Amino acid sequence: APKISARNVTKVYETASGHMTAVDDFTLDVAEGEFLAIVGPSGCGKSTFLRMLAGLEDVSSGQLTIRPGTDPKTPLNSVVFQEYAIFPWKTVIQNVAFGLQMRGVSERERLDVAQGWLDRVGLAKFADHYPHQISGGMKQRVSIVRALANDPEVLLMDEPLGALDAQTRVVLQEELLRIWEETRKTVVYITHSLEEAVLLGDRVVLMSAQPGRILEVYDIDIPRPRS
Ligand code: ADP
Ligand code: ADP
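Be aware that the sequence shown starts at 9, since it is given in the UniProt record's numbering, and climbs by one per residue.
Okay, structure coming up:
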């Protein structure tokens with residue numbers, strides 16, 4: 009069975025001037041361990057689709073499901089947004105450990121897991137720094153590993169590298185690929201960059217500006233660059 013199943017998913021917003029169809033009849037499966045990139049122009053409904061997957065927005069019609077895993081304590085999803093949604097009053101390691109607090113993991117174990125993730129992205133030395141003391145790229149690394157530390161069934165990312173400069177973005181793209189190859193986490197990744205979608209995605213969904221339609225789905229089987 010697919011990890012994510014979308015069947016005729018439609019989202020209609022009620023606006024002052026009437027109805028607005030943001031996602032129109034979206035049908036797609038995502039396999040366990042797949043990295044799905046969704047690309048399309050601004051306003052085509054990418055974020056709306058992701059917010060519905062995250063449970064932050066209701067589906068107007070159709071079915072959208074994430075298949076749960078065997079451990080009922082495992083969260084279905086974790087989301088990474090473009091703006092680093094990390095707590096400024098917590099240190100780097102406290103931010104990463106925070107998600108696990110919800111799951112009744114002991115403090116010792118939370119900090120061990122968080123430290124392990126910080127090591128993997130070169131942030132070990134910054135564990136006790138506060139967000140304002142680290143760069144934008146590092147903050148986004150913190151957001152990403154905080155989501156991964158939860159070990160969610162699916163990782164949802166909405167333009168996670170969109171606010172970074174070009175050089176930092178390339179570094180983080182390589183890191184994301186490496187982590188994905190190590191974890192084989194099911195990922196849905198939104199971007200407006202076709203280049204980024206093709207670089208990162210196993211499969212790329214191209215959405216059309218005519219709100220919320222899937223234009224084409226591409227399988228990407230070109231070799232990925234390695235650092
Ligand atoms: P994208 O992420 O591709 O830029 P969005 O999903 O944010 O697109 O938006 C798709 C369309 O739905 C846009 O026309 C946007 O203005 C509209 N939209 C998004 N959220 C709302 C909302 N809460 N109420 C009304 N319209 C919305
Ligand atoms: P993105 O392109 O990443 O979706 P937006 O700036 O389009 O970002 O949307 C940011 C927020 O504004 C979202 O929560 C979305 O629901 C809301 N929004 C977007 N368009 C509209 C709209 N036309 N009416 C009301 N809310 C909107």
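Glycine included, every Cβ here is placed at the ideal spot set by N, Cα and C. Keep in mind that this is a model prediction, so the values were computed, not measured.
Spatial distance of residue i from residue j (CA atoms)
i	j	result
residue 117	residue 104	12 angstroms
residue 238	residue 200	With the chain represented from 9 up to 235, any question about residue 238 goes unanswered, as that position is not in the structure.
residue 119	residue 188	22 angstroms
residue 67	residue 19	6 angstroms
residue 218	residue 25	18 angstroms
residue 222	residue 165	19 angstroms
residue 15	residue 156	27 angstroms
residue 109	residue 85	16 angstroms
residue 113	residue 82	12 angstroms
residue 229	residue 220	26 angstroms
residue 96	residue 139	6 angstroms
Pick from the options that is closest to residue i, judged by C-alpha positions
i	options	result
residue 194	122, 81, 102 and 74	74
residue 45	227, 186, 219 and 213	213
residue 210	204, 227, 123 and 53	227
residue 178	145, 27, 131 and 66	145
residue 160	59, 80, 28 and 25	80
residue 30	176, 56, 181 and 109	56
residue 101	147, 90 and 76	147
residue 169	95, 99, 134 and 205	205
residue 167	90, 53, 139 and 216	90
residue 180	93, 216, 36 and 208	208
residue 77	33, 203 and 9	9
residue 192	131, 162, 107 and 106	162
Any non-hydrogen atom of ligand 4 within 7 angstroms of residue i CB
i	result
residue 91	Ligand 4 is absent from the structure shown, which contains only ligand 1 and ligand 2.
(request) Count the CB pairs spanning the segment 150–159 and the segment 44–59 that are closer than 8 angstroms, and state whether there are at least three. (result) no
(message) With three or more beta-carbon pairs closer than 8 angstroms as the criterion, would you say the segment 115–135 touches the segment 35–44?
(response) no
(message) My parser needs the beta strand (DSSP E) runs of 3 or more residues fully inside the segment 164–199; what are they?
(response) 194–199
(message) Threshold first: 3 residues or longer. Then list the beta strand (DSSP E) segments lying entirely within the segment 126–163, N to C.
(response) none
(message) Please give me, in chain order, every unbroken run of the alpha helix (DSSP H) with length at least 4 that falls completely inside the segment 25–97.
(response) 54–61
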